[in-house]
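Visitor:
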Amino acid sequence: MTPAARVQAAIDLLDTVITAARTKGAPADRIIAEYFRTRRYAGSKDRRAVRDLVYQAIRLCGPVPENGRAAMLAVAGQDAAIAALFDGSPHGPEPKAEGELVAKTGLAPKWLVAALRASGLGGPEIAALLDRAPLDIRVNALKADRATIALPEAGEPLVAAQALRFPSGTQVEQWDAYAAGLIEVQDHGSQLIIDALPVQPGDTIIDLCAGGGGKTLALAARLGNAASIIAADTDKRRLGNLAPRAQRAGAAIDHIVLLDPTREMRALGDWAGKADHVL
């Protein structure tokens with residue numbers, strides 16, 4: 002893909018993301034994944050560049066933009082290199098017309114800014130919403146330890162026992178340590194939750210909103226596979242990621258339970274009154 006074609010792809014994706022935002026549809030990450038699933042011609046660098054453009058527009062625009070082109074024109078208004086790609090070249094966006102609609106920019110929607118200020122957060126914290134978040138990983142204590150693990154780059158140790166932080170965009174998924182299950186991508190907040198839980202070996206623990214299993218795997222690692230862990234969720238797609246992740250990590254998850262929101266008690270009946278903790 003040419004640089005201009007990447008911008009046009011971002012515009013097309015943003016149209017879908019904006020429609021989903023208005024109709025409570027799929028989240029942006031799922032929309033992006035589906036978009037590239039049907040466009041195998043796009044290489045890894047193309048996918049990364051388009052994804053970065055989409056999220057740059059999402060962060061920049063406070064209110065929901067009118068459409069994808071208006072959102073990307075807002076990005077172009079702050080980035081001359083992007084503006085130059087609105088040149089009408091093949092597969093690229095048409096030049097900006099005089100008076101054409103440009104999405105409004107802002108740190109966040111007005112209601113959110115008001116809530117943040119009411120909470121005591123000020124300008125620096127709100128401005129940070131425009132930046133890409135750093136990448137946090139968890140060293141898998143079943144196979145390694147933060148103090149001794151050898152990685153291609155040195156991460157910043159955080160408060161959580163096995164947490165390391167790297168700059169945004171660090172491609173840890175390409176590291177041998179990731180393929181071998183020595184590390185997992187997991188935000189620091191989730192790791193702090195697991196560290197704070199009053200759990201101990203031998204406990205029966207239900208992760209009632211397991212999703213893709215990040216906290217489930219962290220629980221198994223913290224307790225050295227010495228607890229009975231039940232991972233449950235209503236999202237079949239996300240829950241389906243847990244088994245291969247657990248295998249890679251060497252984590253013992255006793256049961257993976259897909260929940261029907263109308264029959265949760267029936268699905269979890271075997272553990273009624275037996276769980277020591279519910280997360």
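Take the sequence shown: its position 230, counting from 1, is numbered 231 in the working numbering, and each next residue is one higher.
C-beta atoms are modelled at their ideal positions from N, C-alpha and C, and glycine is treated no differently.
Quick one: grab the DSSP three-state call for E101.
Guide: Coil.
Visitor: Let me make sure I understand the geometry here. Which of R40, A273 and A72 has the alpha-carbon closest to that of A61?
Guide: Residue identity differs from the one stated: residue 61 is Leu in this sequence, not Ala. Among R40, A273 and A72, the Cα nearest to that of L61 belongs to A72.
Visitor: Would you kindly work out how many angstroms separate the C-alpha atoms of E99 and N141, rounded to a whole number?
Guide: Their backbone Cα atoms lie some 55 Å apart in a straight line.
Visitor: In whole angstroms, give me the CA-to-CA distance for G93 and A50.
Guide: The straight-line gap from Cα to Cα measures roughly 14 Å.
Visitor: Using the three-state DSSP reduction, which class does I206 fall into: helix, strand or coil?
Guide: Strand.
Visitor: Going by beta carbon distance, what residues of the same chain come within less than 7 Å of A21, once the five residues before and after it are set aside?
Guide: Around A21: A27 and I32.
Visitor: Quick one, are the C-beta atoms of G219 and I184 less than 7 Å apart?
Guide: With the sequence shown as reference, residue 219 is identified as Ala, and Gly is not the correct amino acid for it. Cβ distance not < 7 Å, so A219 and I184 don't count as in contact.
Visitor: Among L152, L159 and A164, which has the Cα closest to the Cα of Q172?
Guide: The option with the nearest alpha carbon to Q172 is L152.
Visitor: What residue from D13, T235 and K25 has the CA that sits closest to L40's CA?
Guide: Looking at the sequence provided, one finds Arg at residue 40 rather than Leu. Ranking the options by Cα distance to R40, first place goes to D13.
Visitor: Just to confirm, are D281 and L280 a CB contact at a threshold of 7 Å?
Guide: The shown model of the chain, from 2 to 280, leaves out residue 281, and the question about it has no answer.
Visitor: Taking the C-alpha atoms as reference points, what is the distance between L224 and L54?
Guide: When rounded, the distance between both Cα atoms is 40 Å.
Visitor: Buried or exposed: A145, going by 16 or more other Cβ atoms within 10 Å of its Cβ?
Guide: Buried, because 16 or more other Cβ atoms sit within 10 Å of the Cβ of A145.
Visitor: Work out the CA separation of D47 and A233 for me, nearest whole Å.
Guide: Spanning the two alpha carbons is a distance of roughly 35 Å.
Visitor: Would you kindly work out how many angstroms separate the C-alpha atoms of V8 and L86, rounded to a whole number?
Guide: C-alpha separation (whole angstroms): 7 Å.
Visitor: In this structure, how does DSSP classify L136 when only helix, strand and coil are distinguished?
Guide: Correct three-state label for L136: strand.
Visitor: Here's the rule I'm using: 16 or more other beta-carbon atoms within 10 Å means buried, otherwise exposed. How should Y36 be labelled?
Guide: Result: buried.
Visitor: Evaluate contact between the segment 62 to 81 and the segment 121 to 132, counting only Cβ atoms and requiring at least three cross-stretch pairs below 8 Å.
Guide: Too few Cβ pairs lie closer than 8 Å, so no.
Visitor: To the nearest angstrom, how far is the alpha carbon of A268 from that of E67?
Guide: Whole-angstrom Cα-Cα distance: 43 Å.
Visitor: Tell me the DSSP secondary structure of L165 in three-state form.
Guide: Here L165 sits in strand by DSSP.
Visitor: Count the other CB atoms, across all protein chains shown, that sit within 10 Å of the CB of Q248; report buried if there are 16 or more and exposed otherwise.
Guide: Label assigned to Q248: exposed.
Visitor: Suppose contacts are defined by Cβ-Cβ distances below 7 Å. Is L117 in contact with I127 by that definition?
Guide: Taking 7 Å as the Cβ cut-off, L117 and I127 qualify as a contacting pair.
Visitor: Starting from the C-beta of K216, find all residues in its chain whose C-beta is less than 7 Å away, skip the five residues before and the five after it, and write them out in chain order.
Guide: Around K216: S191, I194, I195, D208 and L280.
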